[in-house]
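Counted the way this note's numbering counts, the sequence shown spans residues 164 to 526. All C-beta atoms in this analysis are idealised placements derived from N, C-alpha and C, irrespective of residue type, glycine included.
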Amino acid sequence: MNFFCWPSPGTVNTSTSSIFMDGTSGGLSRYTPTTDSPPALPAPVVLTSIRGDTRDYEPTDQPTLPYLQRSLSFQFSALDYTEESRMRFRYRLLGNDDTWKETHGKSVRFAGLPGGHYVFEVLAAGPNGLWSPQPARFAFSIKPLWWQTSWFIALGVLAVLMIGMASWRLRVRALVAQKELLERQVAERTAELLASHRQLDQIAYHDMLTGLPNRRMFTEQLRIRPATARRQHGSFGILLIDLDHFKRVNDQFGDDAGDAVLIETAKRLREALRESDCAARLGGDEFGILLVSPCNRVGIETVCGRIIDSFAVSIPFKEIELQAICSIGAAIFPEDGDNQEDLYKSADLALYESKRVHQDISG
164 MNFFCWPSPG TVNTSTSSIF MDGTSGGLSR YTPTTDSPPA LPAPVVLTSI
214 RGDTRDYEPT DQPTLPYLQR SLSFQFSALD YTEESRMRFR YRLLGNDDTW
264 KETHGKSVRF AGLPGGHYVF EVLAAGPNGL WSPQPARFAF SIKPLWWQTS
314 WFIALGVLAV LMIGMASWRL RVRALVAQKE LLERQVAERT AELLASHRQL
364 DQIAYHDMLT GLPNRRMFTE QLRIRPATAR RQHGSFGILL IDLDHFKRVN
414 DQFGDDAGDA VLIETAKRLR EALRESDCAA RLGGDEFGIL LVSPCNRVGI
464 ETVCGRIIDS FAVSIPFKEI ELQAICSIGA AIFPEDGDNQ EDLYKSADLA
514 LYESKRVHQD ISG
């Protein structure tokens, strides 16, 4: 094979061109190289080495690395005849950092990656500044630890939800228990207040020794009775009772004996009256009775007779028998008074007269 080259004719200051002749089976072939620069093309890039902790991988592999062997080193090169120092590379690791990083080196290493799926991509560019049309890729995964798996995370989320729900239920139960406790405390406090009020009422309106209403309640009942009787066109009676020689019992047998007489007197008065009537201890050995309508002199005499008869029975005290005698003064509304003051005054005068008679008889 023979090659021939000679300068082609030209003019002064023109570029020199060459002609190449090549002998072939068909004769002599002539070649004239062009003087234009070759077109600028981007440089393809390939992965030349992929090395793990224990083995190497091919670019087409898609391995799953154990969590304890999760380091990879990549070496790459551009398929271009440009001097290596003039080449630039750009890489990124999808799944870890999607931004491109530029380097003049031909290798990069990743270590300590968390579990997940990754794709390594690299591009190359020569002096012309054109980057590779397609990056070289390598896809791989790193197996997560058991507590980093999706099922464990799902169980963890479920456990957190269950704990949260249990905590919410416990909180609601605690609030309900606290509410019930407060309600019980309020109810107990209310009951205590009501009991205190009842006790105060008992103290304010009742005699502590006999349990009968006291003078205050008797006076209030007597105050409202005239108005009620007028509206109903009815009547009512008032009795004032005084125990004769009561001081003698206290002096001879002591205060305990006097208290026993007063307690028994209150009991016998209640037994001699109707439930609608009101017996009260006005103080000392004085008692008062309000008789509701219908009330007349015959009815009052009947009640007075029952009271006097009840005192005929002696009162036992320790080893002795005590005898009580009472005087009674009565008044009827409206014959003996149409208001509280007049009615009470009439009954008091009647009581005074009764006591005088008893004194005359006993004297």
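Could you tell me whether the region 310-324 touches the region 256-269, where touching means 3 or more Cβ pairs closer than 8 Å? Three or more beta-carbon pairs separated by less than 8 Å are not found between the region 310-324 and the region 256-269, which leaves the two stretches without contact.
Less than 9 Å between the C-beta atoms of Leu231 and Gly278, yes or no? no
So the candidates are Val339, Gln503, Ala429 and Ala493; which of them puts its Cα closest to the Cα of Gly462? Ala493
Pairwise C-alpha distance: Arg233 and Asp216: 7 Å
Please report how far the alpha carbon of Arg460 lies from the alpha carbon of Leu402, in whole angstroms. 12 Å
DSSP state of Gly119, grouped into three classes? Residue 119 cannot be examined here, being either before or after the span of the chain that is shown, 164 to 526.
Would you check if the region 405-420 and the region 349-356 touch, i.e. whether three or more CB-CB distances between them fall below 8 Å? The region 349-356, when compared against the region 405-420, does not touch it at the 8 Å Cβ threshold.
Is the number of C-beta pairs between the region 419-435 and the region 387-399 that are closer than 8 Å three or more? no
Using the rule of at least 16 other Cβ atoms within 10 Å of the residue's Cβ for burial, across every protein chain shown, is Leu514 buried or exposed? buried
Starting from Gly327, trace the alpha helix (DSSP H) both ways and give me its first and last residue. Ser313 to Tyr368
What alpha helix (DSSP H) runs, 4 residues minimum, are completely inside the region 444-497? 460-473
Where are the alpha helix (DSSP H) runs, 4 residues long or more, that stay fully inside the region 370-395, in chain order? 378-395
Can you tell me the Cβ-Cβ gap for Cys489 and Ile387, rounded? I've got them flagged as a contact below 8 Å. That belief does not hold up - the Cβ atoms of Cys489 and Ile387 are roughly 27 Å apart, past 8 Å.
Is Leu324 buried or exposed, if buried means 16 or more other CB atoms sit within 10 Å of its CB? Counting Cβ neighbours within 10 Å, Leu324 comes out exposed, since fewer than 16 surround it.
Ignore the nearest five residues each way along the sequence and tell me which others in Arg214's own chain have a CB closer than 6 Å to its CB. Ser236
How far does the alpha helix (DSSP H) with Glu427 in it extend, from its first residue to its last? Counting along the chain, the alpha helix (DSSP H) containing Glu427 begins and ends at Asp418 to Ala435.
To the nearest angstrom, how far is the alpha carbon of Val520 from that of Ala487? 16 Å
Bridge partners of Ala265, per DSSP? Checking the displayed sequence, the identity of residue 265 turns out to be Glu instead of Ala. Answer is Arg253, bridged to Glu265.
For Thr227, list the residues DSSP reports as bridge partners. Ser304
What is the DSSP secondary structure of Tyr220, counted as helix, strand or coil? strand
Can you give me the C-alpha to C-alpha distance between Phe399 and Ala367, rounded to a whole angstrom? 25 Å
Are there 16 or more other CB atoms within 10 angstroms of the CB of Ala443, so buried, or fewer, so exposed? Looking at its Cβ environment, which holds 16 or more other Cβ atoms inside 10 Å, Ala443 is buried.
What are the boundary residues of the beta strand (DSSP E) that includes Gly400? Phe399 to Asp407
Check whether the region 249-259 and the region 283-296 touch, using three or more Cβ-Cβ pairs below 8 Å as the test. Verdict: yes, contact present.
Just the C-alpha distance for Met328 and Leu345, rounded to the nearest angstrom, thanks. 25 Å
Quick check: Ile426 and Thr373, are their CB atoms within less than 9 Å of each other? yes
Using only CA atoms, which one of Arg332, Lys481 and Gln348 lies nearest to Ala420? The candidate whose alpha carbon is nearest that of Ala420 is Lys481.
Range covered by the beta strand (DSSP E) that runs through Gln238: Leu235 to Ala241
Measure the beta-carbon distance from Pro229 to Lys306 and round it to whole angstroms, keeping in mind my assumption that it falls under 8 Å. Rounded to whole angstroms, the Cβ separation of Pro229 and Lys306 is 6 Å, and the two are in contact under 8 Å.
Just confirm the distance between the C-beta atoms of Glu284 and Arg300, as a whole number of angstroms; I'd bet it's less than 8 Å. 5 Å
Distance between Ala475 and Glu383 (C-alpha atoms, nearest Å): 32 Å
By the three-class DSSP mapping on this structure, what secondary structure does Asp414 have? helix
Do Val424 and Leu485 have their C-beta atoms within less than 9 Å of each other? yes
Note down the Cα distance separating Gln348 from Val339, rounded to an integer number of angstroms. 14 Å
For my contact list, Leu445 and Phe381 are in at a C-beta cut-off of 8 Å; report their separation, rounded to the angstrom. With a Cβ gap of about 6 Å, Leu445 and Phe381 count as contacting.
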